[in-house]
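Chains as they are written, first to last, in full-length UniProt numbering: chain A, 1 to 653; chain B, 1 to 205.
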């Protein structure tokens, strides 16, 4: 009996009232979801329409829902930190709890919020933009999503079962090694990221193949929409960066679980090898989340300036340049390692070089705006706000790239502010711009512009209120990850302002969520499929698009061909009868079941229950075996069904 | 020989590429191999960093047996050749010969794994384990990752043989034979690097 009590006491996180509250909330929400699904008899619908779907459009929606939930979780973490730091000597959180929260905040925001959000946008926009019926490997796409989801759930479980990781989102060794960090928290980090990372790698392969092989006839590479270009370049980065993460995580897992010595100094290992591997993935990762953001802004700015994107070729070449340079800058994350002036100069220079292609892109956006008929829609406001905010983040990045100066800024709040300016000002603004822009395509109605603009102004101003003072407080000597500070250092008022800004951002998020609710009920329906007078192919079909995307695959003649199609009346050909049966993949329950086995195996390894890890592995193999022997994995949509769908959309002709 | 003759003046297209699905999957698999190459590159880099970090434990010169790793090398190179023959027979539409060469490949793969297990257990008995030093940790994980790949390849090949036996050679099974061939040759290439960077270097340096 004592044993069981002891086990449970360690298994569940105890002793913290906020976590008990979270326990209660999790149980209540779970019961609520189960009740609603049962009461409205929606289980079968959920399974058939969503959980087993291989349709990229639905997978994209699931990615974005999950990303918004994770944004909420990561945002609550941020608000807890800002509350703790609002005034000197507060004890709202103790130091251990604070360590856990900054770790989960960083990890969740990058891996489980930014990544799924942009990958969700890939899924929603790319197949439609290139005139394809789906991605190249729809089954694999579902596997990717469910692996991300399993990884995210495993990671989030840590705060109620076993304890959260606490060595920072970079998880540097030796701090993250077993000796200095016993317990299961770091294992959650390693296995959660590992499972999600495998899914992301598959996404890279999938979208690269899709874009290279499945474009509509006539759409040569240089006639692709800019967002698709950004996804193509990003997919290459994913394929070359994510295996490095896989290796790094596996090494640390082996060190922790089997007492191996990749990173232990005593047996000849080198802790800095972790930092190297982590950032060889981690720096390209930054471009994985920012290049698609550039792609979104290119689409939004061109559409709402009513102009062709300025400097198409320069845009493409600068993205390619960024993707190459992004792989040779990783040491700038640890200039203070002491690699010597030669090495530091090289990485200083390579880092500064990235500012050149990025600058080219900024000028191209400005020239696109020049003499355009600008419409200040919500999506456009996010895109316009991106330019100055990202510029602040980018220029402070060049300051940080100066190696000798970095010895001053390193790990100070100056750095914290820099990367929040690029990640929020770039990626998060793009996520919101993209969400607003493609929302009608996803759900068939438009998000309310008035509420959207309120959310934009509140969030954007609060963002600057929160992060601009951080540059100052960083230069005044405040370092990151300190859980409290004494009065009298001149940091107090700046910290208080930052906290006010953080809560303002929370308010902006609430307005956004309310907008989603309001617009779903009362929002303007999009009956045209082209609410913004768009320029690319996703607007050539209905909102939301039918399962098969286009009744006929259009033939493309130039960049922004849909704009010319509308002028010349060619767009009607896409839905013109007669139709032919359309070949589509079948739904499958295997991806979600496989992800469940990954989760089981991962959970077992977190607690070092090797038998459970093996059990999960066998389950995964069994799923693959089943899939290998499956033959009937596709079907044809008959002509009369296509006819009915097109007729209902008022497009039959 | 029907598959090779060219009746309608179209460019010659092998069976495995004849469907859109087949050609997409082969393309995707090449990309996977590129990613897998990066994974091995990291393991190689780490191993080469730690090659002399023996922490007082046994060094590569004391551990590596020339005879064993030479047998492993020849065995795997020959298996790559027989796997190539299987692909060739698949293109000729010869089901029996395809299966036969795949079985030969599979047996050679098993022999390889047998030698590797013997090598690893021998080392562990001499007290050279994963926990001894950074050198041995990186050695076991690098060589073991390759061994894991080969083992998965063997299981995978079994499935493909079963499918060939029941369904014969069609666009789908041809694609599978072709892809496992790519995988198997890839592992052979990795082994050539292992042979050079680990075993030869380990005896010389």
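Cβ coordinates follow ideal geometry from the N, Cα and C atoms, glycine included.
Just so it is clear, the structure is predicted and the values come from calculations on it, not from any experiment.
- Taking C-beta atoms under 8 Å as the contact rule, residue 106/A and residue 169/A qualify, at a distance of about 3 Å.
- Inclusion of residue 285/A and residue 110/A in the CB contact set at 9 Å is warranted, their separation being smaller than that value.
- Think of a sphere of 8 Å around the beta carbon of residue 284/A: no beta carbon from chain B falls inside it, the nearest being about 11 Å out.
- At the C-beta level, residue 185/B and residue 59/B stay beyond 9 Å of one another.
- Here the alpha carbons of residue 43/B and residue 247/A stand approximately 7 Å from one another.
- Annotated three-state conformation of residue 632/A is coil, per DSSP.
- Nearest neighbour of residue 192/B by Cα position, chosen from 72/B, 121/B and 102/B, turns out to be 72/B.
- Burial is judged here by how many other beta carbons sit within 10 angstroms of a residue's own beta carbon; residue 349/A has fewer than 16 and is exposed.
- Proximity of residue 156/B to chain A, defined by a Cβ-Cβ separation below 9 Å, is satisfied.
- Between residue 386/A and residue 326/A the beta-carbon gap is near 19 Å, outside 8 Å, which marks them as no contact.
- In this structure, residue 71/A lies near residue 509/A, with their beta-carbon atoms less than 9 Å apart.
- When DSSP states are grouped into helix, strand and coil, residue 305/A belongs to the helix group.
- In chain order, 244, 247 and 248 place their CB closer than 7 Å to the CB of residue 277/A, counting only its own chain and leaving out the 5 sequence neighbours on each side.
- Straight-line spacing of the CA atoms in residue 133/A and residue 440/A works out to 19 Å.
- With a threshold of 9 Å between beta carbons, residue 50/B makes contact with chain A.
- DSSP places residue 167/B within a helical segment (H, G or I) once states are collapsed to three.
- Per DSSP, reduced to three states, the secondary structure at residue 637/A is strand.
- Non-local beta-carbon contacts of residue 83/A in its own chain, meaning distances under 7 Å to residues more than five positions away in sequence, involve 92 and 499 in chain order.
- Around the beta carbon of residue 317/A, a 10 Å sphere encloses fewer than 16 other beta carbons of the protein chains shown; the residue is thus reported as exposed.
- Between residue 627/A and residue 167/B, the alpha-carbon positions lie close to 16 Å from each other.
- Membership of residue 584/A in the beta strand (DSSP E) is indicated by the continuous run 582 to 585.
- Inclusion of residue 38/B and residue 240/A in the CB contact set at 9 Å is warranted, their separation being smaller than that value.
- Unbroken alpha helix (DSSP H) stretches of 4 residues or longer found wholly inside the stretch 485 to 561 of chain A: 492 to 522, given in chain order.
- Contacts with chain B (Cβ-Cβ distance below 8 Å) from the stretch 188 to 212 of chain A involve 201, 204, 205, 206, 208, 209 and 212, listed in chain order.
- Between residue 28/B and chain A, the shortest Cβ-Cβ separation is below 9 Å.
- Looking from the CA of residue 133/B, the closest CA among 419/A, 193/A, 560/A and 263/A belongs to 263/A.
- Using a Cβ-Cβ cut-off of 8 Å, residue 228/A is close to nothing in chain B; its nearest Cβ partner there is about 17 Å away.
- Setting aside the 5 residues that flank it on each side, residue 250/A is surrounded in the same chain by 194, each with a C-beta closer than 8 Å to its C-beta; the list follows chain order.
- Here DSSP, grouped into helix, strand and coil, assigns residue 610/A to helix.
- In the structure shown, residue 410/A adopts coil according to DSSP, grouped into three states.
- When DSSP states are grouped into helix, strand and coil, residue 12/A belongs to the strand group.
- Residue 53/B belongs to the set of residues whose beta carbon lies under 9 Å from a beta carbon in chain A.
- Take residue 156/A, set aside five residues on each side of it, and the residues of its chain with a beta-carbon closer than 7 Å to its own are 73, in chain order.
- At a Cβ-Cβ threshold of 9 Å, residue 24/B and residue 213/A count as neighbours.
- For residue 244/A, the C-beta contacts it makes with chain B under 9 Å involve 38, 39, 41 and 42, in order along the chain.
- Contact of residue 261/A with chain B is assigned, a C-beta pair being separated by under 9 Å.
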